[in-house]
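A.B. asks: Below is a structure I'd like to ask you about.
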Amino acid sequence: MTWFFWIIASVITTALANLFQRVVMRKKDSDPFGTTIIFQFLCGLLVALFALWKGFVFPSLGIHFWNLLASAILWGLSSLYLFKAYQMLESSEIAIITACGAVVTIIASILFLGETFTLQQFIGTTLIIVSIILINIQKRKTFTLKKGTMYAFASVILSGLAVTNDAFILRTYDVVSYTTLGFLLPGILLLILRPRAITTFKRLSKSAFSRPMVLLSLFYTAQAIAYYMALTGAGASQVAPIYRANIILTVLLAVIFLKERDNLLMKFISAILVTAGVLLIK
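Under my numbering, think of the first position of the sequence shown as 49, with each following residue one higher.
In structure tokens, the structure reads:
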């Protein structure tokens, strides 16, 4: 299967994961820190089962140690901030805001991986930035950055750097084996930083929490494997923008299933601009 097949599969499963992440976090009493740890461990265990079947390969610490440490920090904090954002914003809003992750990945890929940046990519980047501004314009017609938006931006910057780090690791390491560590290591790091977050695990006994959490983990695991498979066949600056096509799909699904219909026209305009932007960046 080609890298393009894998990235399209990642787009679809990401859109579904986005919806379930909002379902998990939209209750006011939700705990972003504990939920992030549960999420990392569930995804890690799911990928580990596949990795054991396929053949898990242990990393060479002499080669990968610092990159694995960077992965744990970058993905751990990125996931935490994203769960915080989902607590405050609609899934369609976050999908649009996180599109600027393509810009971060491109910049990082140019600086660290030696990839190029063209005029077409500049125009695409501009469209993405405009869409971010539009989605943050409230009914009073002014531009306001919400707290949730700031969390989403922080997550985007960290994940953009993390993806570039992933691309470097995957040059010399097995995809599925790395995906396993890419989930488990951030979860372990966050649990070390806040041990009391383990009390959140009690919520797994409640079906209202466990069902969407398991579905979120399943879809996110599938998209992660598909994404990394795509990275093995194409550059990070090519894969990352196409991946952002999940934005318009997320907006549509959120309207249908989560009834996210506030500021609907602005959301669709922003989603179209983002889609055009990522296609230009491709």
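Note that CB positions come from ideal geometry on N, CA and C, so glycine has one too.
Here the structure is a predicted model, which means the values were calculated and not measured.
1. Taking residue 322 as the reference, give the member of 54, 59, 222, 174 with the closest Cα.
2. Once you ignore the five residues that flank residue 89 on each side, which residues in its own chain have a CB closer than 6 Å to its CB?
3. On the premise that residue 176 lies in contact with residue 325, defined as a C-beta separation below 8 Å, what is that separation, rounded to the nearest angstrom?
4. When the Cα of residue 287 is compared with those of 252, 152, 244, 87, which residue comes out closest?
5. Alpha carbon to alpha carbon, how far is residue 111 from residue 215?
6. What separation, rounded to the nearest whole angstrom, lies between the Cα atoms of residue 76 and residue 240?
7. With 16 other CB atoms within 10 Å as the buried threshold, where does residue 54 fall?
8. Would you mind sorting residue 167 into buried or exposed? The rule is 16 or more other CB atoms within 10 Å of its CB.
9. Measure how close the beta-carbons of residue 116 and residue 306 come, nearest whole angstrom, since I'm counting them as under 8 Å.
10. Rounded to the nearest angstrom, how far is the Cβ of residue 354 from that of residue 211, given a contact under 8 Å?
11. Considering just the uninterrupted stretch of the alpha helix (DSSP H) at residue 70, what are its terminal residues?
12. What is the C-beta distance between residue 341 and residue 220, in whole angstroms, given that I count them as a contact (C-beta under 8 Å)?
13. Where do the N-terminal and C-terminal ends of the alpha helix (DSSP H) with residue 246 fall, by residue?
14. What would DSSP say about residue 408, mapped onto helix, strand or coil?
15. Taking just the CA atoms, how far does residue 60 sit from residue 92?
16. When you compare the stretch 125 to 141 with the stretch 64 to 78, are there three or more beta-carbon pairs, one atom per stretch, that lie closer than 8 Å?
17. Can you tell me whether DSSP reads residue 228 as helix, strand or coil?
18. Quick check on residue 165: does DSSP put it in helix, strand or coil?
19. Can you tell me whether residue 65 is buried or exposed? The criterion is at least 16 other CB atoms within 10 Å of its CB, across all chains shown.
20. Could you tell me if residue 179 is buried or exposed, where buried requires 16 or more neighbouring beta carbons within 10 angstroms of its beta carbon?
21. How would you label residue 159, buried or exposed, when you count the other beta carbons within 10 angstroms and need 16 or more for buried?
22. Taking only heavy atoms of the ligand ZN into account, decide whether any of them is closer than 8 Å to the Cβ of residue 226.
23. For residue 309, count neighbouring Cβ atoms within 10 angstroms of its own Cβ and tell me buried if that reaches 16, exposed if not.
24. Quick check on DSSP: helix, strand or coil for residue 88?
25. Can you round the beta-carbon distance between residue 182 and residue 317 to whole angstroms, since I take them to be within the 8 Å contact cut?
26. For residue 103, does the count of other Cβ atoms within 10 angstroms reach 16, so buried, or fall short, so exposed?
27. Give, in chain order, every unbroken run of the alpha helix (DSSP H) that is at least 4 residues long and sits entirely within the stretch 102 to 162.
28. Does DSSP put residue 293 in a helix, in a strand, or in coil?
C.D. replies: Looking at the coordinates:
1. 174
2. 235
3. 4 Å
4. 152
5. 14 Å
6. 25 Å
7. buried
8. exposed
9. Between residue 306 and residue 116 the Cβ distance is about 36 Å, and since that is not below 8 Å, they are no contact.
10. No statement about residue 354 is possible, as the shown extent of the chain runs from 49 to 330 and does not include it.
11. 51 to 73
12. Any answer about residue 341 is impossible in this case: the structure gives the chain only from 49 up to 330.
13. First-last for residue 246: undefined, no H or E at that position.
14. Residue 408 is absent from the structure shown; the chain starts at 49 and stops at 330.
15. 20 Å
16. yes
17. helix
18. coil
19. buried
20. buried
21. exposed
22. In terms of ligand content, the structure shown is empty, and the ligand ZN therefore cannot be addressed.
23. exposed
24. helix
25. 6 Å
26. exposed
27. 109 to 136, 139 to 145, 149 to 161
28. coil
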